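Residue numbers (my numbering): 599 to 842.
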Amino acid sequence: MENNEYSKAAVRGEPSYVWRAGQVRRLEMIQSAMPSDHKPAVLVNGCGVGTYLQRLVEFSNPVVGLDIDFERTQDSLKKAPYVVNAAGEYLPFANEQYEIILSNEVLEHVQNDQLAIQEMVRCLKPGGRIVLFCPNRGYPFETHGLFWKGKYHFGNKLFVNYLPNVWRNRLAPHVKVYTRRDLENLFAGLPVKYIQRTVIFGGYDNIIARSPSLGKLIRGFLYAIEKTFLRVFGLSHFWIVEKI
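Have a look at this one:
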């Protein structure tokens, strides 16, 4: 990566560029939250370069993408017809406009996550659902890199998120990470109920690409762990939250 690309990765994260087993699994999770009798109006809040947006076109009526990064919205427009350049804290939509709002590894990057959650709830129709994926603090790695001596270091960094907040936030001031209680606090007082709350591991497709047998063994083991209390060490929270 060039320096400006590293800077963007630090502040806004890296969107999904490829479509592999991990993305397929998440799409199935997203579909599980959608109504079965019709195609809902869907907002992909933080659509990146449009990887999920492109797949959701088939299941939505309509699907709209939104991203704060202008260049990424231009990429998304090649994959879906409706894309907006705006911030998640100030959604440019009417009240009760969408039945499904997807926030896939985006919440941790916004300036004000409380306001971003409030805006998603505002734009949901009653009975509509937020499908939320965001980083789990229990995961042993900080996947967004860290800052050390004024320089950004990209990549997975071990045990950063296990540090006390005062130290962790100095190393990773560019990205948030969440416990279950942190997320509950963001939704506190809002007219919602929880449909599903769990923690999942990643797809580990990069490991599988390098060593298929070993990678599939690791993935199968970790997916089995999701059914136990050890899921607290998973990569991401997966929540389905319904407006009441």
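For glycine and all other residues, C-beta sits at the position ideal for the given N, C-alpha and C. Source: prediction; values computed, not measured.
May I ask you to report which of helix, strand or coil DSSP gives residue i?
i	result
L722	strand
M599	Only weak support exists for where M599 lies, its pLDDT of 45 falling under 50; the value from the coordinates is given anyway. Coil.
T777	coil
Y696	strand
T741	coil
V709	Correcting the residue identity first, residue 709 is Gln in this sequence and not Val. Correct three-state label for Q709: coil.
Looking only at its own chain, which residues have a Cβ that is under 7 angstroms from the Cβ of residue i, when we skip the five neighbours before and after it?
i	result
D803	R618, A619 and G620
V830	G736 and V797
Please classify residue i as buried or exposed, where buried requires at least 16 other C-beta atoms within 10 Å of its C-beta.
i	result
G644	buried
F731	buried
P733	buried
N759	buried
H592	Residue 592 cannot be examined here, being either before or after the span of the chain that is shown, 599 to 842.
L828	exposed
S630	exposed
A770	buried
L689	buried
Keeping to the same chain, check which residues put their C-beta closer than 6 angstroms to that of residue i; ignore five residues upstream and five downstream.
i	result
Q712	L784
N801	Reading off the sequence shown, one finds Gly at residue 801, where the question assumed Asn. Result list for G801: A619 and G620, in chain order.
F691	C721
Among the options, which has the Cα closest to the Cα of residue i?
i	options	result
S834	E697, M632, P690 and G736	G736
W837	P613, Y776, G743 and S674	Y776
K825	I842, A807, E840 and F799	F799
Under 8 angstroms Cβ to Cβ from residue i, same chain only, skipping five residues before and after it: list those, please.
i	result
Y650	S614, Q621, R624, L625, I628, V642, L700 and N702
E687	V708, Q709, N710, L713, A714 and E717
G762	According to the sequence displayed, residue 762 carries Pro and not Gly. The answer is none, since no qualifying residue turns up.
State yes or no: is the C-beta of residue i nearer than 8 angstroms to some heavy atom of the ligand SAH?
i	result
A684	This structure simply doesn't include the ligand SAH, nor any ligand for that matter.
- [ ] Decide if the region 708-724 is in contact with the region 803-816; the criterion is three or more beta carbon pairs, one per stretch, under 8 angstroms apart.
- [x] no
Task: the region 677-687 contacting the region 660-668, beta-carbon criterion three pairs below 8 angstroms - done: yes
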